[in-house]
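**Q** Just add 656 to wherever you are in the sequence shown, counting from 1, and you've got the working numbering.
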Amino acid sequence: MDAQEQVSQPPVRKKRQIKNLLIDRSYQLRYMLWSVVLCVLIFGGLGTWLIWESRESSKFMKQQREAFIQAFRKERSASTKIVEKIKTSARKDLRKVLKVSRDMLNVQLKDKDPDVRSLAKSAQSEFEKDDKVRLQRMQKEDAALLTRRKKEDAALLSQIKHQAKKASMRRTKHEQRVLFFLVGFGLIAVVLISFFSILWTHKVAGPLFKMGRYFDRVSEGELATLQGLREGDQLQDFYARFQRMHQSLRAQQEYDVEVLEGLLSQDLSDTAKEQLAQLIEDKKDSLKSDDA
């Protein structure tokens with residue numbers, strides 16, 4: 657087999673077994689660890705950012721809700737003051753009218769005509785009775801209006817709080833779903849990244865491991881035919897150069913064998929021939945194929 661034939665041979669297709677994936681444990685596990693740490697940092701940062709954004713949005717909504725409640729209470733207080741002011745003004749006007757009526761009745765009560773005084777007295781009694789009824793009615797209306805406003809305000813605030821509670825529950829569930837998704841997807845990603853990082857580093861560590869063994873054999877004088885890399889292994893070009901270098905050494909060794917075999921036909925002493933034959937045998941042994 658010449659150098660061109662050895663270099664151009666197709667990659668060997670062999671099945672990888674899980675137990676053989678960790679060829680260089682230190683390198684492969686360290687690479688896997690850094691990949692997992694990077695994955696955890698990415699997913700952890702993403703989850704933290706999403707939850708922070710959700711809580712910031714909820715915080716903003718809470719501030720908006722509190723601002724609305726404060727504005728509502730302020731507006732309600734202002735409208736109540738306006739209503740009270742209108743009522744106070746109306747009562748003052750009514751008191752003025754009633755005062756005029758009382759003054760007229762007082763004048764009639766002092767009249768010399770007994771019939772006029774009698775009518776005035778009767779009118780005064782009816783007037784006081786109507787005034788008392790009017791006052792009671794106004795008090796009831798004010799109390800009813802105040803009660804109705806309190807109920808409306810309480811109902812509105814209760815509705816706002818209920819909606820806020822529901823929104824908080826939805827936000828909590830949303831955060832839990834996001835957290836569960838990130839944790840679940842992150843664990844799946846960690847497992848996949850761990851597996852594929854080991855598989856990928858195996859495709860690099862495998863060729864390096866194989867070349868390391870061949871280097872050791874060359875240093876021991878063994879130049880057996882090299883096996884090609886498996887399909888999918890990395891460093892194919894680098895390994896092809898290594899094969900060419902190895903084949904050059906084999907060619908030199910084969911040439912040496914031919915030269916030494918030519919010397920055996922010459923007139924040499926038996927001891928020299930024996931040593932030369934042993935040397936040729938050793939060189940041939942170094943060229944024998946070996947399943948690496």
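Backbone N, C-alpha and C fix where the C-beta goes; we use that ideal spot for every residue, glycine too.
Tell me which same chain residues have a C-beta within less than 8 Å of the C-beta of L932, skipping the five on either side of it?
**A** Numbered from its first residue, the sequence shown carries residue 932 at position 276. Result list for L932: L916, L919, L920 and L924, in chain order.
**Q** The alpha helix (DSSP H) spanning R897 covers which residue range?
**A** On the sequence shown, residue 897 is found 241 positions in, with the first residue counted as 1. It spans Q892 to L920 - the alpha helix (DSSP H) in which R897 sits, taken as one unbroken run.
**Q** Can you give, in chain order, each stretch of the beta strand (DSSP E) that sits fully within the segment 684-762 and has at least 3 residues?
**A** Complete beta strand (DSSP E) runs here, min 3: none at all.
**Q** According to DSSP, R833 sits in a beta bridge with which residue or residues?
**A** Working through the sequence shown from its first residue, we reach residue 833 at position 177. None; R833 has no bridge partner.
**Q** How would you label T828, buried or exposed, when you count the other beta carbons within 10 angstroms and need 16 or more for buried?
**A** Numbered from its first residue, the sequence shown carries residue 828 at position 172. Classification of T828: exposed, given that the 10 Å Cβ count is below 16.
**Q** Out of E910, L838 and I936, which has the shortest C-alpha to C-alpha gap to T704?
**A** As a working note, residue 704 is residue 48 in the sequence shown. Among E910, L838 and I936, the Cα nearest to that of T704 is on L838.
**Q** Round the Cβ separation of L879 and Q899 to the nearest angstrom and send it over; I've been treating them as touching at under 8 Å.
**A** Reading the sequence shown from its first residue, position 223 is the one you call residue 879. Reading the sequence shown from its first residue, position 243 is the one you call residue 899. Between Q899 and L879 the Cβ distance is about 12 Å, and since that is not below 8 Å, they are no contact.
**Q** So, are the CB atoms of H902 and V874 less than 9 Å apart?
**A** Along the sequence shown, one-based indexing puts residue 902 at 246. Along the sequence shown, one-based indexing puts residue 874 at 218. Going by C-beta atoms, H902 is nearer than 9 Å to V874.
**Q** Assuming the contact rule is C-beta atoms closer than 8 Å, L943 and E910 should be a hit. Round their C-beta distance to whole Å, please.
**A** One-based indexing of the sequence shown puts residue 943 at position 287. One-based indexing of the sequence shown puts residue 910 at position 254. About 7 Å separates the two Cβ atoms, so the contact holds.
**Q** Whole-angstrom Cβ separation of T857 and Q684, contact assumed at under 8 Å?
**A** Sequence index remark: in the sequence shown, residue 857 carries index 201 (1-based). Sequence index remark: in the sequence shown, residue 684 carries index 28 (1-based). At roughly 4 Å, the Cβ-Cβ gap stays under 8 Å, so T857 and Q684 are in contact.
**Q** Out of curiosity, what's the CA-to-CA distance linking K806 and R833?
**A** Position 150 of the sequence shown, counted from the start, is the residue given in the question as residue 806. Position 177 of the sequence shown, counted from the start, is the residue given in the question as residue 833. Rounded to whole angstroms, K806 to R833 spans 40 Å at the Cα level.
**Q** Tell me, to the nearest whole angstrom, how far the beta carbon of R721 is from that of A820; I am working on the premise that it is less than 8 Å.
**A** As a working note, residue 721 is residue 65 in the sequence shown. As a working note, residue 820 is residue 164 in the sequence shown. Right, their Cβ atoms sit about 6 Å apart.
**Q** Short of 8 Å in beta carbon distance, which residues of its chain neighbour I816, apart from the five on each side in sequence? Order them along the chain.
**A** The residue given as residue 816 occupies position 160 in the sequence shown. Excluding sequence neighbours, I816 sits near R721, F724 and I725.
**Q** Note down the Cα distance separating Q719 from E808, rounded to an integer number of angstroms.
**A** Taking the sequence shown and counting its residues from 1, one reaches residue 719 at position 63. Taking the sequence shown and counting its residues from 1, one reaches residue 808 at position 152. C-alpha separation (whole angstroms): 23 Å.
**Q** Can you tell me which of M688, L694, R681 and S714 puts its alpha carbon nearest to the alpha carbon of E822?
**A** Taking the sequence shown and counting its residues from 1, one reaches residue 822 at position 166. The residue you asked about is not Glu; residue 822 is Lys in the sequence shown. Considering only alpha carbons, the answer is S714.
**Q** Spatial neighbours of V913 within its chain, please: CB distance less than 8 Å, with the 5 preceding and 5 following residues excluded, ordered by chain position.
**A** Taking the first residue of the sequence shown as position 1, residue 913 is located at position 257. Result list for V913: I936, K939, K940 and L943, in chain order.
**Q** Given a cut-off of 9 Å, decide if G862 and R897 are closer than it, judged by their beta-carbon atoms.
**A** Here residue 897 refers to the residue found at position 241 when the sequence shown is read from its first residue. Here residue 862 refers to the residue found at position 206 when the sequence shown is read from its first residue. Not a contact, by the Cβ cut-off of 9 Å.
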